[in-house]
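Chains as they are written, first to last, in our numbering: chain G, 1 to 66; chain D, 67 to 542.
Glycine included, every Cβ here is placed at the ideal spot set by N, Cα and C.
Predicted model only: the values in this text are computed from it and were never measured.
Structure first, commentary second.
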Amino acid sequence: MPISNETLKAMIRDFNGFEMTDAELELIRPEIDNYLAAVESLDGLDLSNVMSGRLLKVDEGRSSDA
Amino acid sequence: MPSADLLKLTISELAPKIQSGQVSPVELTEAALAQAHRLQPTLNSFITILDEQAMSQAHQMEDALAKGDYRGPLHGIPIGIKDNIATAGIRTTVGSQVLADNVPGEDAHVVALCKAAGAVILGKENLEEFAAGVTSNNPHFGAVHNPWDLDHVPGGSSGGGGANVAAGVTFASLGTDLGGSVRLPGTFCGVVGLKQTYGRVSQRGLLVTSFNGDHIGPMTRSVMDSALVLQTLAGYDPLDPSTVPVPVPDYTAGLGVRLAGLTMGVPSDYYFDLVDPQVESAIRMAISALQELGVQTIDVSLPSMEFAGALRIAGMADSVVTHEPYLESHRDKYGPDTLYRTLAGQFVLGKDYSKSMKVQRMIKEEYAQVLQQVDFLVTPTAPVAAPRIDAKYIELGGEKHRVRGPGSGMISRNTSPMNSTGLPAITVPCGFNDQGLPIGVQFIGRPFNEATLFRVAGGYEAISPSRGRRPQISEG
Chain G
1 MPISNETLKA
11 MIRDFNGFEM
21 TDAELELIRP
31 EIDNYLAAVE
41 SLDGLDLSNV
51 MSGRLLKVDE
61 GRSSDA
Chain D
67 MPSADLLKLT
77 ISELAPKIQS
87 GQVSPVELTE
97 AALAQAHRLQ
107 PTLNSFITIL
117 DEQAMSQAHQ
127 MEDALAKGDY
137 RGPLHGIPIG
147 IKDNIATAGI
157 RTTVGSQVLA
167 DNVPGEDAHV
177 VALCKAAGAV
187 ILGKENLEEF
197 AAGVTSNNPH
207 FGAVHNPWDL
217 DHVPGGSSGG
227 GGANVAAGVT
237 FASLGTDLGG
247 SVRLPGTFCG
257 VVGLKQTYGR
267 VSQRGLLVTS
277 FNGDHIGPMT
287 RSVMDSALVL
297 QTLAGYDPLD
307 PSTVPVPVPD
317 YTAGLGVRLA
327 GLTMGVPSDY
337 YFDLVDPQVE
347 SAIRMAISAL
357 QELGVQTIDV
367 SLPSMEFAGA
377 LRIAGMADSV
387 VTHEPYLESH
397 RDKYGPDTLY
407 RTLAGQFVLG
417 KDYSKSMKVQ
427 RMIKEEYAQV
437 LQQVDFLVTP
447 TAPVAAPRID
457 AKYIELGGEK
467 HRVRGPGSGM
477 ISRNTSPMNS
487 TGLPAITVPC
497 GFNDQGLPIG
507 VQFIGRPFNE
517 ATLFRVAGGY
527 EAISPSRGRR
537 PQISEG
């Protein structure tokens, strides 16, 4: 799922991001590729019933040793 | 006792000698400072060595002893503090040029606790720039060197602390762990590294990192010492909403208790998928050793770890937000690895951030279920032993993986998931590869049950092939 430098530049422009040259965009490319691969790995995974990771639930794990 | 011998002891060995007056905090601190200065040109483990402050504290602790005011096992013990943890009146750079002149007005909560317990702060320790990597090749303050082989990294981001503890400079060092930054220096330097449960130790005064799973934790020469330091650090801090008001048990109580009757889970997914054969062999031997101690074994499945790669998405976005003010004013002062890894975070979409949080929840619940069946999990701490300082890639699974900067993350693949789950994890030395570089085994426990981890880690430590081994440092 590649993403073009033009798209990344448009995102920076439209969302007021940090300016980056073409050469700089190539330097971040491996990190972007990892991000896109991680997103792609979630294709088809139904997360609709999963609660936010930030919310506590009472039945998390066993009780503490304290 | 000669100072060279003093510096080989552990905190638990020193504490009774200090309490009885056999060893004085002043002579101990003098010896540690001399060792720090002697090895600094070789290891580059400090950003700031605090000669005057350390000696002043040592004298105070000696005076306190004379008055019968013994503060406990850290009394008069020289320790190191990673340079992203605030120290009042002492420059705290976070390993950056951006904050090269940053002098906090207050101590971090953990520093205040250590001082109150009588610890002597020897210095501020070198780290990866902004604590954002696993090598401690700092572009501004120079690379930290691994005491076991100076051509190799000590791990990161708390590399100065790992190197100092291994080299007999500090008796404990406080590091920070956002993806393995205490546990990786632990395994690469052959020392014990603890990331306790999220919420167990206050983060107040920890500077400029992500708010998604950061922890302050100790590196020590023994499991007992790790327990002693956590005993000092643990507890609710009303000024840090991430801490949880769970009572703090006696962490040393279970040390020495037989391990028979405990059950360990060996994950059949993820953790052993990409691992160097020598590392895997050492971990399998550790598992066998635990079985011989009477620990039952269950193979456990963690299928949601297939999606563990998504956990990093939230951290990417967090990082660019954390750095935003510095990027706007001091972008030119960043090293390229941190700069470009951080800037990538501006492209993370909100829906992907939310999915990352949900994956985190899904994985957290899976671990909670597995930890109903077993008392702890055992995994390799890192998939490889310490890479060379000049290595750009490691090879695993027939592919090259970046060691640092944009696209890196392979080295922390076994440690970073516990930053997302918040579960406690400890690394203990479990042998060496054929180059003589240390290997560590990671034990993962139930939330707020560090006591069981210490019991297991201590039981294993007593029979580990690493026991009693120290690095022979070739000074330059």
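For residue i and residue j, I'd like the C-alpha separation in whole angstroms.
{"i": "D:Lys74", "j": "G:Glu19", "result": "52 angstroms"}
{"i": "D:Ile525", "j": "D:Ile143", "result": "The sequence shown places Gly at residue 525 of chain D, rather than the Ile named in the question. Answer to the nearest angstrom: the Cα atoms are 25 angstroms apart."}
{"i": "G:Gly61", "j": "D:Ser292", "result": "Caution is warranted here: a pLDDT of 49 is assigned to G:Gly61, below 50, making its placement in the model unreliable, and the coordinate value is therefore given only provisionally. Each residue's Cα considered, the two are about 24 angstroms apart."}
{"i": "D:Pro490", "j": "D:Thr114", "result": "30 angstroms"}
{"i": "D:Pro369", "j": "D:Lys399", "result": "42 angstroms"}
{"i": "D:Asp339", "j": "D:Gly475", "result": "15 angstroms"}
{"i": "D:Val289", "j": "D:Ser86", "result": "23 angstroms"}
{"i": "G:Met51", "j": "D:Pro531", "result": "44 angstroms"}
{"i": "D:Tyr337", "j": "D:Met121", "result": "45 angstroms"}
{"i": "D:Met428", "j": "D:Gly283", "result": "26 angstroms"}
{"i": "D:Gln362", "j": "D:Ser486", "result": "27 angstroms"}
{"i": "D:Val522", "j": "D:Asn515", "result": "12 angstroms"}
{"i": "D:Ser69", "j": "D:Ile151", "result": "29 angstroms"}
{"i": "D:Arg324", "j": "D:Ala355", "result": "13 angstroms"}
{"i": "D:Leu415", "j": "D:Gly301", "result": "36 angstroms"}
{"i": "D:Ile539", "j": "D:Met423", "result": "44 angstroms"}
{"i": "D:Phe207", "j": "D:Leu109", "result": "12 angstroms"}
{"i": "D:Val267", "j": "D:Ala97", "result": "30 angstroms"}
{"i": "D:Ile147", "j": "G:Asn49", "result": "43 angstroms"}
{"i": "D:Leu72", "j": "D:Glu194", "result": "30 angstroms"}
{"i": "D:Pro548", "j": "D:Lys430", "result": "There is simply no residue 548 of chain D to check, as chain D begins at 67 and stops at 542 in what is shown."}
{"i": "D:Glu172", "j": "D:His281", "result": "19 angstroms"}
{"i": "G:Tyr35", "j": "G:Glu26", "result": "15 angstroms"}
{"i": "G:Ala23", "j": "D:Lys181", "result": "48 angstroms"}
{"i": "D:Ala380", "j": "D:Met67", "result": "52 angstroms"}
{"i": "D:Ser367", "j": "D:His389", "result": "37 angstroms"}
{"i": "G:Ser64", "j": "D:Arg512", "result": "Low per-residue confidence applies at G:Ser64: pLDDT is 48, beneath 50, and the placement is therefore not dependable, though the value from the model is reported in the following sentence. So the alpha carbons of these two residues sit roughly 8 angstroms apart."}
{"i": "D:Thr158", "j": "G:Gly44", "result": "46 angstroms"}
{"i": "D:Leu80", "j": "D:Gln88", "result": "9 angstroms"}
{"i": "G:Asp59", "j": "D:Val235", "result": "Note that G:Asp59 scores 47 on pLDDT, short of 50, meaning its location in the model is unreliable and no value can be drawn from it."}
{"i": "D:Glu191", "j": "D:Pro139", "result": "22 angstroms"}
{"i": "D:Asp135", "j": "D:Gly155", "result": "26 angstroms"}
{"i": "G:Glu31", "j": "D:Pro483", "result": "18 angstroms"}
{"i": "D:Ser162", "j": "D:Tyr392", "result": "11 angstroms"}
{"i": "D:Gly346", "j": "D:Asn499", "result": "Here residue 346 of chain D is Glu; the residue named in the question, Gly, does not match the sequence. Roughly 10 angstroms separates the two Cα atoms."}
{"i": "D:Glu461", "j": "D:Pro343", "result": "12 angstroms"}
{"i": "G:Ala38", "j": "D:Ala376", "result": "5 angstroms"}
{"i": "D:Thr263", "j": "G:Glu6", "result": "43 angstroms"}
Checking 8 angstroms against the spacing of the C-beta atoms, do residue i and residue j come in under that value?
{"i": "D:Asn203", "j": "D:Ala197", "result": "no"}
{"i": "D:Gln119", "j": "D:Ile187", "result": "yes"}
{"i": "D:Asn212", "j": "D:Ala457", "result": "no"}
{"i": "D:Asp306", "j": "D:Gln269", "result": "yes"}
{"i": "D:Ala374", "j": "D:Cys496", "result": "no"}
{"i": "D:Gly265", "j": "D:Thr309", "result": "yes"}
{"i": "D:Leu240", "j": "D:Val176", "result": "yes"}
{"i": "D:Thr76", "j": "D:Arg407", "result": "no"}
{"i": "D:Pro333", "j": "D:Thr445", "result": "yes"}
{"i": "D:Gly184", "j": "D:Arg137", "result": "yes"}
{"i": "D:Cys255", "j": "D:Ala232", "result": "yes"}
{"i": "D:Arg454", "j": "D:Asp217", "result": "yes"}
{"i": "D:Met330", "j": "D:Phe442", "result": "yes"}
{"i": "G:Ile28", "j": "D:Ala383", "result": "no"}
{"i": "D:Ser395", "j": "D:Asn230", "result": "no"}
{"i": "D:Thr95", "j": "D:Ala124", "result": "yes"}
Is there a C-beta anywhere in chain B that falls below 8 angstroms from the one on residue i?
{"i": "G:Ser4", "result": "Absent from the structure is chain B; the protein chains it does hold are G and D."}
For my contact list, residue i and residue j are in at a C-beta cut-off of 8 angstroms; report their separation, rounded to the angstrom.
{"i": "D:Gly320", "j": "D:Ala517", "result": "5 angstroms"}
{"i": "D:Gly360", "j": "D:Gly322", "result": "With 8 angstroms as the limit, D:Gly360 and D:Gly322 do not qualify as a contact, their Cβ atoms being about 14 angstroms apart."}
Regarding residue i and the ligand PLP, is the C-beta to nearest heavy atom distance less than 7 angstroms?
{"i": "D:Lys466", "result": "Among the ligands in the structure shown, none appear at all, so the ligand PLP cannot be discussed."}
### Query
Residue ranges of each alpha helix (DSSP H) run of no fewer than 4 residues wholly in the stretch 208-250 of chain D, ordered along the chain?
225-232
### Task
Write down every uninterrupted run of the alpha helix (DSSP H) in the stretch 394-455 of chain D whose length is 4 residues or greater and which is fully enclosed by it, in chain order.
402-409, 416-439
### Query
Counting only runs that start and end within the stretch 81-156 of chain D, where is the beta strand (DSSP E) found for 3 or more residues in a row?
112-115, 144-148
### Message
Residues of the stretch 251-275 of chain D in Cβ contact with chain G at a cutoff of 9 angstroms, in chain order, please.
### Response
Thr263
### Message
Output needed in chain order: residues of the stretch 406-417 of chain D with a Cβ under 7 angstroms from some Cβ in chain G.
### Response
Tyr406, Arg407, Leu409, Ala410, Gln412, Phe413, Val414
### Task
Run through the stretch 339-388 of chain D for me and flag every whole beta strand (DSSP E) of 3 or more residues, listed as ranges in chain order.
362-366
### Task
Return the residues of the stretch 388-405 of chain D that lie within a Cβ-Cβ distance of less than 9 angstroms from chain G, sorted by chain order.
Glu390, Leu393, Glu394, Arg397, Pro402, Leu405
### Short-range partners of chain D found in the stretch 27-38 of chain G, where Cβ spacing is below 8 angstroms
Leu27, Ile28, Arg29, Pro30, Glu31, Ile32, Asp33, Asn34, Tyr35, Ala37, Ala38
### Message
Which runs of the beta strand (DSSP E) at least 3 residues long sit entirely within the stretch 244-324 of chain D? Give them in chain order.
### Response
258-261, 281-286
### Message
So if I threshold CB-CB distances at 9 angstroms, which residues from the stretch 212-237 of chain D count as touching chain G?
### Response
none
### Near-chain G residues of the stretch 329-340 of chain D (beta-carbon distance less than 8 angstroms), N- to C-terminal order
none
### Task
Could you run through the stretch 10-23 of chain G and flag, in chain order, every residue whose CB is less than 9 angstroms away from some CB of chain D?
Met11, Ile12, Phe15, Gly17, Phe18, Met20
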